[in-house]
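These notes concern the structure reproduced below.
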């Protein structure tokens, strides 16, 4: 399966989450972070995350992850463009990579994945790359499920301009 | 009253809050955001905030603010150094500017003010300047109290190197 890269816009990304970006309309823009965590009220936390290795195109996506109980926000602090891969899940809970979409986020665009959205791990195209990651403060790994795809999804390099 | 600028370090800032900064010891560093909001469990939110005007030294501080029910985190997304002024409060709840301290934060250092810590508004020394502001999602202004100081605090420019 081969997938073309789309530009990241709020409308395109709406089924999967929120684009965190100032549109220039106001000096202060508020965003909701829906950090429902299985109905339990918990203190959210965040982490600063430096990604050591960039990805390059064409990219083979072989593993996806999901947080069944938490929304998750990535906000770029340092760095340039990243790839954001998302797909729907099936009735059995497994990802359906054939529904996948991949977006090119600029270094000024963050994303908040809705709770329970399958996605690929942080995929910066350039280094250095540092993000703030905001989500409910669960013990390490408690709310992360990994899934190895039986067949890789190929992100094409030619349509990089979106 | 005239105050010299200190470098921002976790130890110096500990009475007032947390310094949000990667120290290079690990690619992922977690921080607690204590968003107690008067005991009520609320969804935290955040905002992207672009500051239109920088401050210059010497700086006269004439107004302080406090959030009685919320911690508040500022994370620089774009920009350079900022000044961070904090002081203790008295038994009457008013700020005691004579206890004030002022820190120079680099463009890679965020701060999380503890709940109920008097502080000066965002004070970037350079533009452009954009921050992510993370705090409990209260209606505009609900948890912000402003206080006009009877006498300005003067932040000296000469000791800028800390």
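Residue numbers (the numbering used here), protein chains in the order written: chain D, 1 to 162; chain B, 1001 to 1162. Ideal Cβ placement from N, Cα and C applies to all residues, glycine included.
> When the cut-off is 8 Å and only beta carbons count, does residue 1038 (chain B) lie next to chain D?
Replying inline: In the second chain, counting from the first residue as 1, residue 1038 (chain B) sits at position 38. Model confidence at residue 1038 (chain B) stands at a pLDDT of 44, short of 50, so the residue's coordinates are unreliable; what they give is reported in the following sentence. Taking Cβ atoms only, chain D never reaches closer than 8 Å to residue 1038 (chain B), which makes this a no.
> Is residue 1050 (chain B) close to chain D, meaning its C-beta is less than 8 Å from at least one C-beta of that chain?
Replying inline: On the second chain, residue 1050 (chain B) is found 50 positions in, with the first residue counted as 1. Cβ-Cβ to chain D under 8 Å: yes for residue 1050 (chain B).
> What are the start and end residues of each continuous beta strand (DSSP E) run of 3 or more residues lying completely inside the stretch 51 to 89 of chain D, in chain order?
Replying inline: 59 to 66, 72 to 78, 82 to 89
> How about residue 1073 (chain B) and residue 1105 (chain B): are their beta carbons less than 8 Å apart?
Replying inline: As a first step, residue 1073 (chain B) is located in the second chain; it is residue number 73 there, counting from the start. As a first step, residue 1105 (chain B) is located in the second chain; it is residue number 105 there, counting from the start. Contact flag unset, no.
> Got a sec? Which residues, its chain only, sit under 7 Å from residue 1097 (chain B) by beta carbon, not counting five neighbours each side?
Replying inline: Looking up residue 1097 (chain B) in the second chain gives position 97. Here the set comprises 1001, 1087, 1149, 1153.
>> Assess contact between the stretch 1023 to 1033 of chain B and the stretch 1113 to 1120 of chain B, defined as three or more Cβ pairs (one per stretch) separated by less than 8 Å. Is contact present?
In response: no
>> For a cutoff of 8 Å on Cβ pairs, would you count residue 27 (chain D) as touching chain B?
In response: To locate residue 27 (chain D), count along the first chain from 1; it is residue 27. It does; some Cβ of chain B falls within 8 Å.
>> If you follow the alpha helix (DSSP H) that residue 12 (chain D) is in, where does it begin and where does it stop?
In response: Residue numbering aside, residue 12 (chain D) sits at position 12 when the first chain is read from its first letter. Its alpha helix (DSSP H) spans residues 10 to 13.
> Taking the beta strand (DSSP E) that residue 1097 (chain B) falls in, what are its first and last residues?
Replying inline: Residue mapping note: residue 1097 (chain B) aligns to position 97 of the second chain, counting from 1. It spans 1095 to 1105 - the beta strand (DSSP E) in which residue 1097 (chain B) sits, taken as one unbroken run.
>> Tell me which residues share the same chain as residue 51 (chain D) and place their Cβ nearer than 6 Å to its Cβ, disregarding the 5 neighbours each side in the sequence.
In response: Counting from one through the first chain, the residue named residue 51 (chain D) turns up at place 51. Result list for residue 51 (chain D): 122, 124, 129, in chain order.
> Can you tell me the Cα-Cα spacing of residue 5 (chain D) and residue 1078 (chain B), whole angstroms?
Replying inline: For the purposes of this step, residue 5 (chain D) is identified with residue 5 of the first chain, where counting begins at 1. For the purposes of this step, residue 1078 (chain B) is identified with residue 78 of the second chain, where counting begins at 1. Rounded to the nearest angstrom, the two C-alpha atoms are 26 Å apart.
> Under the DSSP definition of a beta bridge, which residues are partnered with residue 129 (chain D)?
Replying inline: For the purposes of this step, residue 129 (chain D) is taken as residue 129 along the first chain, with counting starting at 1. According to DSSP, which records beta bridges pairwise, residue 129 (chain D) is partnered with D:51.
> Who are residue 1124 (chain B)'s beta bridge partners in DSSP?
Replying inline: Translated into positions along the second chain, residue 1124 (chain B) becomes position 124. Answer by DSSP bridge pairing, in chain order: B:1082.
> Using the rule of at least 16 other Cβ atoms within 10 Å of the residue's Cβ for burial, across every protein chain shown, is residue 18 (chain D) buried or exposed?
Replying inline: Here residue 18 (chain D) corresponds to residue number 18 of the first chain, with the count starting at 1. Result: buried.
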